[in-house]
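Read the structure below first, then the notes.
Residue numbers (my numbering): 309 to 1071.
Structure representation (structure tokens):
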């Protein structure tokens, strides 16, 4: 029994925790930052004011995770973010292809608790900042409502990933809220007062079919959406969750302090929507449906944005400007919403895409006036217009990873965040980031510690691509334009051939296209055109464009739409090869062609996007001259995804034992090996609602083994599904040769490897 005499005042229990880095906010940005920092050797405290991790991706909000891939509805090929967010998405795909948000909660928690360097505080809200001086944070105070404990959190470095920027705000960090005028950053897309300066919140609901009639009585606070919501006719009985992202409110209010007020208004709307669906008589299919879940907290899009030493703006995105301190990238459209949200007469969003991904510089990730404060997530240093693209969760998570590696480098160098840039540590930061799987557009990993750099590379076979096999072809109508992305060597473009079918006398127009931007995938430059007269029936085409390429690059063999023509497709899939289509993806305002308003500062171009599996087969073309784009030396070129070329070694499909060997002049002692496999960085891997046809990407090597010079197997893996395999050997191996044997993923997909890296010590 506990018994204590009366006193004037009691205090909650206080616990003091010290760490290398305190991260506030357990959304995807804070979670990825914490995992990355812990793996870098930092002691981390992760403070989350909710009972689960994931923020807007969690079961409390249930928004799908998206970033540069943009529902596969833009021209950003192979652009899914790497590192920890890739690991999480691939893990979720394997465990949870159905998109159950509860399982995603579990996966995120499991990944965090597996890291011994992380102290996780759930249900714990930061409420006070203590400063060592006006420019430096000394500690935070936070309170957990569940165990009635006050935490005193001390660290030399802090990261605010809280969404609203509570730490930055309390610390006095410079911030902005609302939209800058057009003249501030020379941004033609800057909204006027009528459109509004803030994006609002959304609150979702889930429904299900019970198989028997269900009645619904609306609460007294529900509104009549047919009278108050201009787009009420857009509601459908079978749409729920973040398919109703446009049920948005709050852009005219204070999106920090008015959040509870906004939530109540969204509850009024949500229950009004369900009342309309159930009781208006316009949805007989809803008779047996019921509400399964309604969100208790809204998903927040925008509040504060904090100022760093650089503020990313519209021209950075549209012009795809390069930065010497690039540490991450984005690729979502500039996606702005009218401030009146669901009550607006306007379209629910205003999305304009850039022609490719854009770099995010390190200077956007720390405070310009608080010396030891990083920012991650949607609150980084960007204009309101650029925020429209950087705010999405996979991009936010990617930024969190960059902050974590920067924090680790700060500790090793004994400096504060700004000094990493000012003292010339960017190359080191970029190298360490790329070693964690962080792709940075335009950069390649050059790592002197990697023993593969001075090994002799040989392979049992290499795919010399001369076309796809012709067995069991699928014939599909050319209702919309279709193109095959092909990596070609420098020099004369080979003659292409393929059979086609026509239903009548017609002309087929075929174009050879490339992107005007190196490493881009917008086919906006036509090198040559052929118009071929077709008679009814089958025709074997030979296409000789007589073009010459100055450098190796991807080309688009482009067939303009003609519904009288059928093209042949193959089930054979190869790393770095892809078919794309000039179709429509309404989810991301892709109507096949982007035609922005005059003076908007946005490019006009066509969209050529892939189809989702089980569709998306390759066009069964053949090439007169085999292309050598899949050589084993790609394994050490420092780029782990297709960009200007496949950047992978691909074995010949007929190789019974595909393998790569590394040979050194003298024996090397190896303790750690990194292998990078193809988990299809073109697949968006949405985390909820959009179910997926497979748990493992079809290009991924499932089974492999590693042998030393004597043929001893030093490591073996079965049922792999992850992108990066980091192998820490129980005992270091000293050998002058390693051989990595890989199995073909299937009869339709030859084995491929993006990278092999070997280290002699802990890296």
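Note that CB positions come from ideal geometry on N, CA and C, so glycine has one too.
This one's a predicted model, so the numbers in the text were calculated from it and none came from an experiment.
{"Check": "Buried or exposed: where does residue 418 fall if 16 or more other Cβ atoms within 10 Å of its Cβ makes it buried?", "Outcome": "exposed"}
{"Check": "For residue 495, which option in 377, 547, 642 and 638 has the closest C-alpha, if you only look at C-alpha atoms?", "Outcome": "642"}
{"Check": "Closest to residue 1056 by CA distance: which of 882, 1023 and 941 is it?", "Outcome": "882"}
{"Check": "Between which residues of its own chain and residue 340 is the CB-CB distance below 6 Å, once the five residues before and five after are set aside?", "Outcome": "392, 393, 705, 708 and 709"}
{"Check": "Residue 783 to residue 876, Cα distance in whole Å?", "Outcome": "5 Å"}
{"Check": "If distances are taken between C-alpha atoms only, which option among 586, 804, 962 and 1031 comes closest to residue 770?", "Outcome": "962"}
{"Check": "So for residue 836, helix, strand or coil by DSSP?", "Outcome": "strand"}
{"Check": "Of all the beta strand (DSSP E) runs that stay within the bounds of the segment 579-634, which reach a length of 3 or more residues?", "Outcome": "597-602 and 612-614"}
{"Check": "Based on Cα-Cα distance, which residue from 444, 435, 684 and 785 lies nearest to residue 450?", "Outcome": "435"}
{"Check": "Taking only runs that begin and end inside the segment 658-717, name each unbroken beta strand (DSSP E) of 3 or more residues, in chain order.", "Outcome": "658-660, 666-669 and 681-683"}
{"Check": "Helix, strand or coil, according to DSSP, for residue 915 in the structure here?", "Outcome": "coil"}
{"Check": "Helix, strand or coil for residue 1021 per DSSP?", "Outcome": "strand"}
{"Check": "Tell me which same chain residues have a C-beta within less than 8 Å of the C-beta of residue 695, skipping the five on either side of it?", "Outcome": "610, 613 and 686"}
{"Check": "Suppose the cutoff is 8 Å on Cβ atoms and the five residues either side in sequence are ignored; what does the same chain contact list for residue 1071 look like?", "Outcome": "For residue 1071, the predicted structure reports a pLDDT of 45, less than 50, and the residue's modelled location is therefore unreliable. A value from the coordinates is still provided. For residue 1071, where only same-chain residues beyond five positions count, the Cβ hits under 8 Å are 743, 757 and 980."}
{"Check": "Taking Cβ positions, are residue 362 and residue 416 nearer each other than 8 Å?", "Outcome": "yes"}
{"Check": "Measure how close the beta-carbons of residue 803 and residue 885 come, nearest whole angstrom, since I'm counting them as under 8 Å.", "Outcome": "Wrong, their Cβ atoms sit about 18 Å apart, outside the cutoff."}
{"Check": "Within the same chain, show all residues whose beta-carbon is closer than 6 Å to that of residue 1025, passing over the 5 residues directly before and after it, in chain order.", "Outcome": "1012"}
{"Check": "My output table needs one value for residue 1035: the three-state DSSP class, helix, strand or coil.", "Outcome": "strand"}
{"Check": "To the nearest angstrom, report how far apart residue 831 and residue 523 are at their CA atoms.", "Outcome": "53 Å"}
{"Check": "Any chance you could list the beta strand (DSSP E) runs of at least 3 consecutive residues sitting entirely within the segment 445-518, in chain order?", "Outcome": "457-462, 465-468, 483-485 and 513-517"}
{"Check": "Quick one: what's residue 324 bridged to in DSSP?", "Outcome": "460"}
{"Check": "List the endpoints of the continuous beta strand (DSSP E) containing residue 395.", "Outcome": "Looking at the DSSP string, residue 395 is not in any beta strand (DSSP E); the run it does join, the alpha helix (DSSP H), is 391-403."}
{"Check": "Give the DSSP-derived three-state secondary structure of residue 992 in the structure shown.", "Outcome": "coil"}
{"Check": "Could you please give me the residues that DSSP links to residue 340 through a beta bridge?", "Outcome": "DSSP output for residue 340 lists no bridge partner at all."}
{"Check": "Looking at the unbroken beta strand (DSSP E) that takes in residue 846, where does it start and where does it end?", "Outcome": "845-851"}
{"Check": "Could you check the C-alpha separation between residue 900 and residue 663 for me, to the nearest Å?", "Outcome": "13 Å"}
{"Check": "Would you call the segment 630-641 and the segment 853-871 in contact, with 3 or more CB pairs under 8 Å?", "Outcome": "no"}
{"Check": "Thinking C-beta only, is residue 944 closer than 8 Å to residue 761?", "Outcome": "yes"}
{"Check": "Which of the three DSSP states, helix, strand or coil, is assigned to residue 867?", "Outcome": "strand"}
{"Check": "Excluding the five sequence neighbours on either side, which residues of its own chain have a C-beta within less than 6 Å of the C-beta of residue 462, listed in chain order?", "Outcome": "326 and 447"}
{"Check": "Name the two residues that bound the continuous beta strand (DSSP E) containing residue 738.", "Outcome": "Per DSSP, residue 738 belongs to no beta strand (DSSP E); it is in the alpha helix (DSSP H), 734-743."}
{"Check": "Residues in the same chain with beta-carbon distance under 8 Å from residue 909, minus the five sequence neighbours each way, listed in chain order, please.", "Outcome": "495, 496, 497, 622, 623 and 626"}
{"Check": "Given a threshold of 16 other Cβ atoms within 10 Å of its Cβ, counted over all protein chains shown, does residue 874 qualify as buried or as exposed?", "Outcome": "buried"}
{"Check": "Please check the pair residue 548 and residue 573, which I expect to be a contact at CB under 8 Å, by giving their CB distance rounded to whole angstroms.", "Outcome": "Wrong, their Cβ atoms sit about 19 Å apart, outside the cutoff."}
{"Check": "Within the continuous beta strand (DSSP E) that includes residue 767, where are the two ends?", "Outcome": "764-767"}
{"Check": "In angstroms, rounded to a whole number, what distance separates the CA positions of residue 751 and residue 673?", "Outcome": "19 Å"}
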